[in-house]
Amino acid sequence: MKDVLAHIRRERTYFDGGFGTLLQAAGLPAGTPPVLWNLSFPDKVTEIHRAYIEAGSHIITTNTFGVTPDKYENYADIIAAAVAAARAAVGEREDVFIAFDMGPTGKLLAPLGELAFEDAVALYAASVKAAVEAGVDLIVIETMSDTYETKAAVLAAKENSHLPVFVTNAYDEGGKLLTGADVAATVALLEGLGVDALGVNCSFGPDKMLQTVKTLARYSSLPIIVNPNAGLPRVKGGRTVYDISPDAFAAYMRELAMAGATVLGGCCGTTPLYIEKTVAATKSLPYALPTYKEDTLVSSYTHAVVARGKPLLIGERINPTGKPRLKEALRGGDMGYILSEAVGQMEKGVSVLDVNVGLPDIDEAAMMKRLVTELQGVTDLPLQLDSNSPAVLAEAMRVYNGKPLINSVNGEEKSMRAIFPLVKRYGGTLIALTMDEGGIPPSAEGRLAIAERIAENAAAYGIGKKDLVIDPLCMTVSSDTGAALTTLRAVALLKERGFRVSLGVSNVSFGLPARDKLNACFFASALERGLDFAIMNPFSQGMMDTYYAFCALHGQDEACLSYIAYAAGGEEKQAQGKPALSCREAVLRGLKEEAVKEALLRVKEVSPLTVVDEDIIPALNEVGKRFEEKTLYLPQLLMSAEAASAVFDALKTFLPQKGKDEGRGVVLATVKGDIHDIGKNIVKVLLESYGFSVYDLGKDVAAEAVLAAVEETGATLVGLSALMTTTLPAMEEAVALLKERHAAVRIMVGGAVLTEEYAARIGADAYCPDAMAAVAFAKRCYEG
Amino acid sequence: MTPGIIYGAIPADALALDEAELAARLKVRREDIASLSPRFEASLRKVITPRYVGLRTPLSFPEKGKVDLGFTALESHSLAACLAGCKEALVFAVTLGHGVDRLLRRAALSSVAEEYTEDAYASALAEAAVEYAEATLAEGRQTTARFSPGYGDLALTAQSPILEALDAKRHLSLTLTASLLMIPSKSVTAICGLR
Chain A
7 MKDVLAHIRR
17 ERTYFDGGFG
27 TLLQAAGLPA
37 GTPPVLWNLS
47 FPDKVTEIHR
57 AYIEAGSHII
67 TTNTFGVTPD
77 KYENYADIIA
87 AAVAAARAAV
97 GEREDVFIAF
107 DMGPTGKLLA
117 PLGELAFEDA
127 VALYAASVKA
137 AVEAGVDLIV
147 IETMSDTYET
157 KAAVLAAKEN
167 SHLPVFVTNA
177 YDEGGKLLTG
187 ADVAATVALL
197 EGLGVDALGV
207 NCSFGPDKML
217 QTVKTLARYS
227 SLPIIVNPNA
237 GLPRVKGGRT
247 VYDISPDAFA
257 AYMRELAMAG
267 ATVLGGCCGT
277 TPLYIEKTVA
287 ATKSLPYALP
297 TYKEDTLVSS
307 YTHAVVARGK
317 PLLIGERINP
327 TGKPRLKEAL
337 RGGDMGYILS
347 EAVGQMEKGV
357 SVLDVNVGLP
367 DIDEAAMMKR
377 LVTELQGVTD
387 LPLQLDSNSP
397 AVLAEAMRVY
407 NGKPLINSVN
417 GEEKSMRAIF
427 PLVKRYGGTL
437 IALTMDEGGI
447 PPSAEGRLAI
457 AERIAENAAA
467 YGIGKKDLVI
477 DPLCMTVSSD
487 TGAALTTLRA
497 VALLKERGFR
507 VSLGVSNVSF
517 GLPARDKLNA
527 CFFASALERG
537 LDFAIMNPFS
547 QGMMDTYYAF
557 CALHGQDEAC
567 LSYIAYAAGG
577 EEKQAQGKPA
587 LSCREAVLRG
597 LKEEAVKEAL
607 LRVKEVSPLT
617 VVDEDIIPAL
627 NEVGKRFEEK
637 TLYLPQLLMS
647 AEAASAVFDA
657 LKTFLPQKGK
667 DEGRGVVLAT
677 VKGDIHDIGK
687 NIVKVLLESY
697 GFSVYDLGKD
707 VAAEAVLAAV
717 EETGATLVGL
727 SALMTTTLPA
737 MEEAVALLKE
747 RHAAVRIMVG
757 GAVLTEEYAA
767 RIGADAYCPD
777 AMAAVAFAKR
787 CYEG
Chain B
-18 MTPGIIYGAI
-8 PADALALDEA
2 ELAARLKVRR
12 EDIASLSPRF
22 EASLRKVITP
32 RYVGLRTPLS
42 FPEKGKVDLG
52 FTALESHSLA
62 ACLAGCKEAL
72 VFAVTLGHGV
82 DRLLRRAALS
92 SVAEEYTEDA
102 YASALAEAAV
112 EYAEATLAEG
122 RQTTARFSPG
132 YGDLALTAQS
142 PILEALDAKR
152 HLSLTLTASL
162 LMIPSKSVTA
172 ICGLR
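Note that the protein sequences, when read in sequence, are chains A and B.
507 is the number that the working numbering gives to position 501 of the first sequence; each next residue is one higher, with no gaps.
129 is the number that the working numbering gives to position 148 of the second sequence; each next residue is one higher, with no gaps.
See below:
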């Protein structure tokens, strides 16, 4: 077995260059996929490989870019032929390696697109198996612009072969992938997944890659591959040409090699001459592999968070312990509420979000996977995956797009044996609790000893100290007055030994009154001793005050800008706290918080129904009228409606409890295949503001799901929305199904492409050109 | 890579928000735009990553109501009328990137008024990106009006061959769902004739 990694350790290694343009020069007709020539003209393919080997390439990539089973039924034959063509060129050469080339699937992965993560893994897995069967020396995954797709390809490669895996991504001019990831985030992900070399290819020429290569060299402990295009393409005489000559290319490559690039080659537009010149220009340069980097990184699909001096906050709010509303949301699958909790913490300035969905009566693994995916659709913060169950962690780590924090491992044999292999496979930074079979040691020294044992065991799995964050655990001072001191001493000891340290700060005050005061003081003491991560509630004013003040005082806040912005936010709030608007006026102006505040004051004097009848409804009627007169616009109307809904919500507890909606329920959905939901959301807000109970099924909803919701809720009115001509048939289908099963259910429809005639033809009861029309129809249905 | 494809990032400061366009999208009067908070535009500009990809292609009209773009032939009387008299066409796509979709989903969680307003700003900015791409690709030549799948009698199914020819997944991370919606949502495809 040839060892490409040994070659890279020993000397500078060269990739080959472009393929498509050379095949076209050899006669490949425009529009014919180059990979088909593996079967029809293997000699031509071999010739190109041979030319690259003669130019000095050590790694030649098979002509298999984009060959997956969904695109080519005979993918295995194409791959076998491509590998054979490469092998014919390599002959007996011991210093030339065949890399099986994999590129993007051409589809976008969920949650952005429609290709499920595991389906992507399966597509790549099939190709990898065919390549292993054909016999290659390594796998190169290239031109990847999506970290999630990259992860799918790497998992497929690692799970179906023992070959070295190299990955190159296509960064843009700003050093980011098209799906948003920066260099540090990509490095964190790939190192976590255990690839053998990483880097950049395609996109543009080596002239624009210097900054990206420097950043790669800053973060990567692995060999760095640089395979640029021959500049940018332009059209000349009907042919695509590239704007950087072989000599200029080689000069730039020399510069990149000096900036830290280890393995050099080319991509689109480069030819054997480009490689030959590059070899000549760089061969005599001093050669060194990247150094091992000690950074503790966690990442999302856009950016990495680096523990480097400045302490970082981990928002703890997505954890059902002691939170009845969150429990209810988890049981009912109310993702909107949970996602709002995430966005709220994000706006408060946390760097990482803890995600714990452990409840005895739900399928924790399924909920965790769903929530991780949905969270990654709204927030770009890295997540801390938090569960007692290694099985749940395994599933969440697999689908997570990035390198997560993992909460947690501890010093018990059982825990380490379960968790370390997961980190080895999927990557991650571990929170390690200083407890073991004997419980939590009473002394700081005892906790340090456990930390060191955990680190030793982790090292045996190849997990470095940088991927451990030790949590020396904090007991409440209400049961042991020495508890805080012991923990603080442990923090200091751990920092002395070079560990990263984290704490769940608020445990310290459990069982005591005014906990925020104790938490803030303890937090300050822990920060002073070098705490790196704090798991905490970012809505706690005391702790946030402490955090911003600490950073400003410890040189972790350039020009105190964060502190100033934080303080300004607080003052604004206080200033806002003074208005004396009536509830009705607040609804009219669309001021949600004020409206709720005033309403809660009013119900001390009058009945809640009076508030509804005398304040809210008249205010809504007024804005409705102004909207019709066009003296007030949709955004303002919506803000008023939202303020009214918030008041209804706040008054719920005071209003008489009704049964199953007493006939005021409305089921809303955007139909199957359609993902436009603003119109539907507007209707929802207005209906709610008029006191209707809305069951919002979201977008892309199948007819059967609408039917199920009607049956479950007992609602007798359904609103369906479709925005595209292509999704109107789905609306027709939903109407037909509902009418067939529940003739009494009334259906209103709306959406940009709908017409009165179409609505009538498919059997809908009402066509609503706008949201006010939907409210009017709902009132007619329920109020007569 | 398809020969002749031109692509690139659009500098964010090259995109000016057209107030008339924004007012139309928001369904408000133009003079009311000034009263809107600047934060809508500011938060949008923080997350956009505008890019374009395009190609020039020979154009012919094999029969009435049929337009041959070289890589695909489309049946549409309205497109044929729009391109009449031209021998070359520009086919291109622009996107504001995935960050906008995330921003809109976040906005939707807090308030539909936010979502509606931010969405209108994003659409207006996407329109500015289209203008930029057309001007860049036309290189000073006169163009006809722009036409997009879904206009007139040009079926939405035309999105598929256009995005494929442009290699839009690779250059813009732009793809189609099964029901022909574009992702990222603030993306536009367009065809115009070169005079």
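Idealized CB from N, CA, C, for every residue including glycine.
The structure presented is a predicted model; accordingly, all values stated were derived computationally and were not measured.
Residues in the same chain with beta-carbon distance under 7 Å from leucine 500 of chain A, minus the five sequence neighbours each way, listed in chain order, please. Cβ within range, chain order: Leu454, Ala457, Ile476, Pro478 and Val507.
Does the CB of methionine -18 of chain B have a neighbour CB from chain A at under 8 Å? Its pLDDT being 47, under 50, methionine -18 of chain B is placed unreliably in this model, and the coordinates cannot settle the point.
Using three-state DSSP, classify valine 707 of chain A as helix, strand or coil. Residue state, collapsed to three classes: strand.
For glutamate 69 of chain B, report the span of its beta strand (DSSP E) as first-last. Note, glutamate 69 of chain B: beta strand (DSSP E), 69 to 76.
I'd like the ranges of any alpha helix (DSSP H) spanning at least 4 consecutive residues and lying wholly in the region 565 to 621 of chain A. Qualifying alpha helix (DSSP H) stretches, in chain order: 567 to 582, 589 to 595 and 598 to 608.
Which residues in chain B have a C-beta closer than 8 Å to the C-beta of lysine 113 of chain A? List them in chain order. Going along chain B in sequence order, the residues near lysine 113 of chain A (Cβ under 8 Å) are Lys150 and Thr156.
From this set, A:Glu611, A:Ile541 and A:Glu534, which residue's C-alpha is nearest valine 514 of chain A's C-alpha? Ranking the options by Cα distance to valine 514 of chain A, first place goes to A:Ile541.
Would you give the residue range spanned by the beta strand (DSSP E) that threonine 38 of chain B belongs to? Residues 32 to 39.
So, under 8 Å CB-CB, leucine 336 of chain A and valine 384 of chain A are touching, yes? Tell me the CB distance rounded to an integer number of Å. 17 Å between Cβ atoms; not a contact.
Among residues of its own chain, excluding the 5 on either side of glutamine 205 of chain A, which ones have a beta-carbon nearer than 6 Å to its beta-carbon? One point to set straight first is that residue 205 of chain A is glycine, not glutamine, in the sequence displayed. Cβ neighbours of glycine 205 of chain A beyond the five flanking positions: Thr174, Ile230, Ile231 and Val232.
Touch check for the region 208 to 219 of chain A and the region 258 to 267 of chain A: three-plus C-beta pairs under 8 Å? Short answer: they touch.
If the cut is a Cβ gap below 8 Å, which residues of chain A does threonine 98 of chain B touch? Those within 8 Å of threonine 98 of chain B in chain A are Pro641.
Are the C-beta atoms of aspartate 13 of chain B and some chain A residue less than 8 Å apart? Residue contact with chain A for aspartate 13 of chain B: present (Cβ-Cβ distance below 8 Å to some residue of chain A).
When we look at the beta-carbon of glutamate 600 of chain A and count the other beta-carbons within 10 Å, is it buried (16 or more) or exposed? Glutamate 600 of chain A is buried by the Cβ-count criterion.
Rounded to whole angstroms, what is the Cα-Cα separation between lysine 666 of chain A and tyrosine 343 of chain A? The predicted position of lysine 666 of chain A is uncertain, since its pLDDT is 48 and thus under 50; a value taken from the coordinates is nonetheless stated next. Between the alpha carbons of lysine 666 of chain A and tyrosine 343 of chain A lies a gap of roughly 22 Å.
Nearest-angstrom Cα distance between alanine 12 of chain A and aspartate 202 of chain A? The alpha-carbon atoms of alanine 12 of chain A and aspartate 202 of chain A are separated by roughly 11 Å.
Please report the distance separating the alpha-carbon of leucine 303 of chain A from that of isoleucine 412 of chain A. Each residue's alpha carbon lies about 12 Å from the other.
Compare the C-beta of glycine 321 of chain A against all C-beta atoms of chain B and say whether one is closer than 8 Å. No, glycine 321 of chain A lies away from the interface with chain B (no Cβ there is under 8 Å from its Cβ).
Any beta carbon of chain B sitting closer than 8 Å to that of asparagine 166 of chain A? No, because no Cβ of chain B sits closer than 8 Å to the Cβ of asparagine 166 of chain A.
Exposed unless 16 or more other CB atoms sit within 10 angstroms - verdict on phenylalanine 545 of chain A: So phenylalanine 545 of chain A counts as exposed.
Closer than 8 Å by C-beta to alanine -3 of chain B: which residues in its own chain qualify, once you throw out the five before and the five after it? Chain order, please. So the list reads Ala109, once near-sequence residues are dropped.
So what does DSSP say about cysteine 527 of chain A, is it helix, strand or coil? Residue state, collapsed to three classes: helix.
For a cutoff of 8 Å on Cβ pairs, would you count glycine 583 of chain A as touching chain B? Reliability fails at glycine 583 of chain A, whose pLDDT of 48 lies under 50, so the model's placement of it is uncertain and the value that follows must be treated cautiously. Interface criterion not met: the Cβ of glycine 583 of chain A is under 8 Å from no Cβ in chain B.
Identify whether arginine 376 of chain A lies in helix, strand or coil by the three-state DSSP scheme. Secondary structure of arginine 376 of chain A (DSSP, three-state): helix.
Going along chain A in order, which residues have a C-beta closer than 8 Å to the C-beta of glycine 133 of chain B? Within 8 Å Cβ-Cβ: nothing; glycine 133 of chain B doesn't reach chain A, min ~12 Å.
In terms of alpha-carbon separation, which member of A:Gly536, A:Leu626 and A:Ala558 lies closest to glutamate 591 of chain A? When only C-alpha atoms are compared, the closest one is A:Leu626.
Is there a Cβ of chain A sitting closer than 8 Å to that of alanine -10 of chain B, yes or no? At least one beta carbon of chain A lies nearer than 8 Å to the beta carbon of alanine -10 of chain B.
In terms of residues, what are the limits of the alpha helix (DSSP H) holding aspartate 392 of chain A? Not the alpha helix (DSSP H): aspartate 392 of chain A falls in the beta strand (DSSP E), residues 389 to 392.
Lysine 666 of chain A by DSSP, collapsed to three states: which one? Because the pLDDT at lysine 666 of chain A is just 48, under 50, the model does not fix this residue reliably, and the value given afterwards should be weighed accordingly. Here lysine 666 of chain A sits in coil by DSSP.
Whole-number beta carbon distance between alanine 91 of chain A and asparagine 44 of chain A, since they are thought to touch under 8 Å: Right, their Cβ atoms sit about 6 Å apart.
According to the neighbour-count rule (16 or more other Cβ atoms, all chains shown, within 10 Å of its Cβ), is aspartate 253 of chain A buried or exposed? Classification for aspartate 253 of chain A: exposed.
How do the region 160 to 176 of chain B and the region 103 to 120 of chain B stand: do at least 3 beta-carbon pairs fall below 8 Å, yes or no? At 8 Å Cβ cutoff, the stretches touch.
Using a C-beta cutoff of 8 Å, does alanine 54 of chain B count as contacting chain A? Taking Cβ atoms only, chain A never reaches closer than 8 Å to alanine 54 of chain B, which makes this a no.
Distance between glycine 470 of chain A and aspartate 301 of chain A (C-alpha atoms, nearest Å): When rounded, the distance between both Cα atoms is 11 Å.
Is it true that the region 19 to 36 of chain B meets the region 137 to 156 of chain B, where meeting means three or more beta-carbon pairs spaced less than 8 Å apart? They touch, by the three-pair rule.
So, at 6 Å on beta carbons, what are the nonlocal neighbours of alanine 650 of chain A in its own chain, with the 5 sequence-adjacent residues on each side left out? Within the same chain, alanine 650 of chain A has close Cβ partners Val593, Ile622, Leu626 and Ser695.
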